[in-house]
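Asker: So the protein sequences, as listed, match chains D and L.
So in the working numbering, spot 18 of the first sequence is number 18, and the numbers just go up one at a time.
So in the working numbering, spot 262 of the second sequence is number 262, and the numbers just go up one at a time.
Glycine is no exception: its CB is placed at the ideal position from the N, C-alpha and C atoms.
Computed from a predicted structure; not experimentally measured.
Supplied in structure tokens, the structure appears directly below.
Number of protein chains: 2
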Amino acid sequence: MENFVYQNPVEIIFGKGSISALSERLPKKGRILMLYGGGSIKKNGVYDQCVKALGKHDFVEFGGIEPNPLFETCMEAVKLAKGKKAKFILSVGGGSVLDAAKFIAAAAEFKGNDPWEILSKGAALESALPIGAVLTLPATGSEMNPHSVISRRSSDEKLHFSNPLVYPKFSILDPETTYSLPTRQTVNGIVDAFVHVMEQYMTYENSSPLQDRFCESIALTLVELSPKLLSNPSDYNQRANLMWAATCALNGFCSCGKIQDWGTHMIGHELTAFYGIDHAVSLAIVLPRLWLECFDSKKEKLAQFARRVFSSNEADNDKAAVEAVVRTEAFFNSIGMRTRLADYGIGASEAADRIRSRFASRGGVSLGERGDIDAERAAKIVSKS
Amino acid sequence: MENFVYQNPVEIIFGKGSISALSERLPKKGRILMLYGGGSIKKNGVYDQCVKALGKHDFVEFGGIEPNPLFETCMEAVKLAKGKKAKFILSVGGGSVLDAAKFIAAAAEFKGNDPWEILSKGAALESALPIGAVLTLPATGSEMNPHSVISRRSSDEKLHFSNPLVYPKFSILDPETTYSLPTRQTVNGIVDAFVHVMEQYMTYENSSPLQDRFCESIALTLVELSPKLLSNPSDYNQRANLMWAATCALNGFCSCGKIQDWGTHMIGHELTAFYGIDHAVSLAIVLPRLWLECFDSKKEKLAQFARRVFSSNEADNDKAAVEAVVRTEAFFNSIGMRTRLADYGIGASEAADRIRSRFASRGGVSLGERGDIDAERAAKIVSKS
């Protein structure tokens with residue numbers, strides 16, 4: 001096992017009716033900036049519940065945060081936050097709104113000239129506005145981690161930053177708020193959570209059997225609940241289990257002491273930046289091809305995964321490992337997630353060229369748990385997708 | 001799944017050489033009270049490492065905290081803490097020292113007349129001295145939770161309290177510090193962690209499959225690592241996996257949204273209070289008998305446990321459930337933990353009478369996940385032990 005440091009201070013308030021806990025957790029003093037997305041929260045009643053909780057507080061609102069939130073949009077919100085002297089940010093929505101909230105919280109207090117450098121150069125932060133979250137979409141795990149991913153329209157870039165200053169102070173997770181999600185978003189959330197776990201798990205052996213099993217626990221839970229949930233979208237327990245599984249998939253707990261990959265995310269982010277495909281779609285397309293490209297390095301863990309999660313009885317490691325790749329892609333397909341670039345009208349060859357150029361323009365990359373995926377191999381992964 | 005609130009602010013610093021992180025985490029100002037136990041830390045070098053880290057800090061020390069730490073001993077330390085105006089408590093040792101540190105931290109700032117009421121009446125706390133920990137014994141999980149169990153010699157009592165104020169600010173876990181543990185303490189730690197998980201797991205179904213699998217992950221890890229560790233006590237990875245498994249077994253994460261039992265602990269605490277047997281011994285004695293007494297209520301989960309953790313192929317639920325009880329007790333025995341009162345020279349019938357009287361004197365009890373274990377059933381469990 002590797003050495004590690006773990007600390008996660010987020011307060012999770014989970015369950016039916018948990019939005020009622022919002023009011024008492026909001027700061028008594030100081031203006032609150034309430035952020036949200038495209039308005040779905042106005043249809044499903046969450047907006048009204050939050051505005052009610054904000055009743056006696058001084059607040060301003062900023063809607064229209066898009067999926068894969070844009071730097072350009074965030075900077076408008078930063079302007080509002082500064083102009084209105086907001087002291088707290090309340091994120092109401094999914095991971096995109098919350099990722100935006102984290103960047104806005106950091107940018108509003110940023111001492112440098114260009115807040116983009118928080119993403120492009122990992123510029124240091126001295127402080128950030130405190131954040132609270134009401135989550136309405138299980139997927140990104142942003143509700144219990146210090147990560148944020150932001151896109152920039154002007155340069156077709158999608159970059160991330162992580163900083164303990166942007167851990168939410170609290171995150172409220174009411175599974176009932178997810179009943180009304182479109183199937184596409186539910187499926188995206190399942191795939192997103194699944195791939196988050198795989199990035200932390202599907203690497204080489206380093207004697208962390210408990211963390212392996214935690215990861216397998218989440219994958220198994222997602223595989224088992226998905227058909228039940230998709231056939232009955234108002235099943236509270238399946239909604240609750242998906243919501244908690246997605247949080248656990250990226251709150252740092254599963255990866256304590258583990259070797260991690262994250263190559264699929266790095267390549268997938270570029271595909272989203274270039275073609276505007278959903279984040280989860282980009283992951284579902286890249287993951288199986290990355291596993292095959294790195295087969296020799298990952299096959300022991302792939303075989304373990306096939307046996308423990310897909311109940312494979314295959315004794316041969318190589319064959320079991322192939323089974324893991326095939327069955328993972330079949331799982332994605334079974335819940336309605338298509339896993340080929342062509343399914344989205346994207347030419348694999350052209351996409352590979354763009355990936356190669358992009359990574360080369362950054363002076364090369366070294367992705368994956370061994371740092372052995374360079375621009376050429378990344379392009380190869382995409383060309384086979 | 002049940003509604004829940006979860007927040008755990010402890011910083012875990014885990015791995016080889018991690019005690020070097022101590023110095024920078026100690027407060028710059030204010031006197032530190034360093035607590036430890038029977039002196040094993042002076043033999044294995046941990047004391048020297050800690051004193052070196054404390055180098056430039058103002059500190060006093062208090063040794064001699066016993067296993068099942070006594071209220072009487074703690075109150076001496078409280079007197080020292082107050083007299084020396086200590087502002088921070090550093091616990092160096094196992095769960096007993098840390099449990100004592102938590103009580104001392106609370107009692108030193110207690111506003112009431114009798115600090116025993118923190119335990120006996122759950123008296124409210126307004127504040128507590130901050131605590132840091134260097135852990136040398138994987139077992140209780142105290143390093144990442146807000147719980148403390150204290151015994152009182154004058155009344156043969158063993159009581160617990162929980163308060164977020166006594167979460168350690170940090171806990172340093174270096175598996176190498178556990179190489180020199182006597183086998184008995186290693187075995188006790190394995191059993192303690194195992195039973196902690198069972199208290200959170202072996203109840204009735206409430207649609208929390210992910211948490212079930214997290215619990216099974218810990219149990220499986222303990223069952224798999226135990227023979228390897230006991231045959232090679234200096235195997236770093238097995239020591240590391242035991243240490244992290246014991247922390248995960250009682251940091252609250254596995255039980256989010258679950259129904260919990262804790263009957264075995266409540267009965268076991270009395271056996272330790274009466275007869276001075278090790279905490280883990282008391283749990284290993286009671287657990288199988290409590291499972292059999294509550295068989296109808298627990299058999300579905302017992303059967304699941306037999307299949308997932310002990311690879312049972314038994315199709316019949318009742319038979320599989322019996323197998324879970326038998327194999328759990330066999331696991332304890334296999335690592336050298338005896339599981340009958342008679343093994344420790346204690347008469348089951350007399351012990352049962354004392355348990356019945358003790359619980360009756362408290363106006364009765366309602367233990368277990370259904371609250372249906374009263375004094376009479378508790379006595380029955382003990383009489384069969």
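Under DSSP, the beta strand (DSSP E) around Ser96 of chain L begins and ends at which residues?
Answerer: From DSSP, Ser96 of chain L is part of no beta strand (DSSP E) but of the alpha helix (DSSP H) over 95-107.
Asker: Count the CB pairs spanning the stretch 201-208 of chain L and the stretch 123-141 of chain L that are closer than 8 angstroms, and state whether there are at least three.
Answerer: Counting Cβ pairs under 8 angstroms, fewer than three are found: no touch.
Asker: List, in order along the chain, the chain L residues whose C-beta lies closer than 8 angstroms to that of Lys417 of chain D?
Answerer: An answer regarding residue 417 of chain D cannot be provided, because it is not within the stretch 1 to 385 covered by chain D.
Asker: Cβ of Ala306 of chain D less than 9 angstroms from any chain L Cβ?
Answerer: No - not a single Cβ of chain L is within 9 angstroms of the one on Ala306 of chain D.
Asker: Under 9 angstroms between the Cβ atoms of Glu126 of chain L and Lys111 of chain L?
Answerer: Yes, these two residues count as a Cβ contact at 9 angstroms.
Asker: What are the start and end residues of the alpha helix (DSSP H) that includes Ser334 of chain D?
Answerer: Note, Ser334 of chain D: alpha helix (DSSP H), 317-334.
Asker: Consider the Cβ of Asn145 of chain D: report whether some Cβ of chain L lies at a distance smaller than 9 angstroms.
Answerer: Not closer than 9 angstroms to any Cβ of chain L, the Cβ of Asn145 of chain D fails to qualify, so no.
Asker: Can you name the start and end residues of the beta strand (DSSP E) that Arg362 of chain L belongs to?
Answerer: First-last for Arg362 of chain L: undefined, no H or E at that position.
Asker: Could you give the distance in angstroms between the alpha-carbon of Asn163 of chain L and the alpha-carbon of Ala106 of chain L?
Answerer: Roughly 9 angstroms between the two C-alpha positions.
Asker: Measure the C-alpha to C-alpha separation of Phe71 of chain D and Ala320 of chain L and round it to an integer number of angstroms.
Answerer: Going by the C-alpha atoms only, they are around 57 angstroms apart.
Asker: Grouping DSSP H, G and I as helix and E and B as strand, with all else coil, what is Gly83 of chain D?
Answerer: Looking at Gly83 of chain D - three-state DSSP - the assignment turns out to be helix.
Asker: Out of D:Glu293, D:Thr328, D:Cys294, point me to the one whose CA is closest to Phe310 of chain D's CA.
Answerer: Phe310 of chain D has its Cα closest to that of D:Thr328, out of D:Glu293, D:Thr328, D:Cys294.
Asker: Looking only at its chain, what residues have a beta carbon closer than 6 angstroms to the beta carbon of Phe305 of chain D, apart from the 5 residues adjacent to it on each side?
Answerer: Taken in chain order, the residues that qualify are Ala324.
Asker: Strictly by DSSP, which residues pair up with Ala133 of chain L?
Answerer: According to DSSP, which records beta bridges pairwise, Ala133 of chain L is partnered with L:Ser91, L:Ser171.
Asker: Look at the Cβ atom of Asn145 of chain L, then the Cβ atom of Asn8 of chain L, and state whether they are nearer than 9 angstroms.
Answerer: Yes, the Cβ-Cβ distance between Asn145 of chain L and Asn8 of chain L is below 9 angstroms.
Asker: Can you name, in chain order, every residue of its own chain whose Cβ lies under 6 angstroms from the Cβ of Gly63 of chain D, other than the five neighbours on each side?
Answerer: Around Gly63 of chain D: Tyr36.
Asker: Scan the stretch 198-216 of chain D for residues whose Cβ lies nearer than 7 angstroms to a Cβ of chain L and list them as they occur along the chain.
Answerer: Here the close residues are Ser207, Pro209, Leu210, Arg213, Phe214.
Asker: With H, G and I counted as helix, E and B as strand and the rest as coil, what does DSSP make of Gln260 of chain D?
Answerer: Three-state result, Gln260 of chain D: coil.
Asker: Per the DSSP calculation, Met34 of chain D is bridged to which residue(s)?
Answerer: Its beta-bridge partners are D:Glu61, D:Leu90.
Asker: Tell me, to the nearest whole angstrom, how far the beta carbon of Ala284 of chain L is from that of Met337 of chain L; I am working on the premise that it is less than 8 angstroms.
Answerer: That pair is a contact at about 5 angstroms.
Asker: What residue does the alpha helix (DSSP H) around Arg289 of chain L start on, and which one ends it?
Answerer: Counting along the chain, the alpha helix (DSSP H) containing Arg289 of chain L begins and ends at 279-293.
Asker: DSSP on Leu341 of chain D, reduced to helix/strand/coil?
Answerer: The answer is helix: DSSP assigns Leu341 of chain D an H, G or I state.
Asker: Look up Tyr6 of chain D in the DSSP assignment and give the residues it is bridged to.
Answerer: BP columns for Tyr6 of chain D point to L:Ile12.
Asker: So, does the stretch 258-278 of chain D touch the stretch 363-371 of chain D, judging by three or more C-beta pairs under 8 angstroms?
Answerer: Touching, yes.
Asker: Which two residues bound the contiguous alpha helix (DSSP H) that contains Glu176 of chain D?
Answerer: Per DSSP, Glu176 of chain D belongs to no alpha helix (DSSP H) and is neither H nor E.
Asker: Determine the extent of the beta strand (DSSP E) in which Val158 of chain L is found, giving its start and end residues.
Answerer: The sequence given here has Lys at residue 158 of chain L, not Val. Counting along the chain, the beta strand (DSSP E) containing Lys158 of chain L begins and ends at 157-162.
Asker: Which residues share a DSSP beta bridge with Val195 of chain D?
Answerer: Bridge partners of Val195 of chain D: none, in fact.
Asker: Of all Cβ atoms in chain D, is any one closer than 9 angstroms to the Cβ of Pro168 of chain L?
Answerer: It does not; no Cβ of chain D falls within 9 angstroms.
Asker: Name the chain C residues whose beta carbon is nearer than 8 angstroms to that of Tyr6 of chain D?
Answerer: Here chain C cannot be found, since the structure's protein chains are D and L.
Asker: Which residues, taken in chain order from the stretch 255-266 of chain D, show a beta carbon closer than 8 angstroms to some beta carbon of chain L?
Answerer: Residues passing the 8 angstroms Cβ filter: Cys256, Gly257.
Asker: Starting from Ile373 of chain D, follow its DSSP beta bridges and name the residues at the other end.
Answerer: In DSSP, Ile373 of chain D forms a bridge with D:Leu367.
Asker: Output, in chain order, the set of chain D residues within a Cβ distance shorter than 7 angstroms of Ile218 of chain L.
Answerer: Those are Leu210, listed as they occur along chain D.
Asker: Pop quiz: Glu11 of chain D and Val5 of chain L are said to be a contact at Cβ under 8 angstroms. What is the actual Cβ separation, rounded to whole angstroms?
Answerer: Glu11 of chain D to Val5 of chain L, Cβ: 7 angstroms. Contact.
Asker: Pull up the distance between the alpha-carbon of Glu314 of chain L and that of Lys299 of chain L, whole angstroms please.
Answerer: Their Cα atoms are separated by approximately 13 angstroms.
Asker: For Lys380 of chain L, collect the residues of the same chain with a Cβ closer than 8 angstroms to its Cβ; drop the 5 residues on either side in sequence, then sort them by chain order.
Answerer: Glu293, Ala352.
Asker: Could you check where the beta strand (DSSP E) with Ser148 of chain L kicks off and where it finishes?
Answerer: First-last of the beta strand (DSSP E) with Ser148 of chain L: 147-152.
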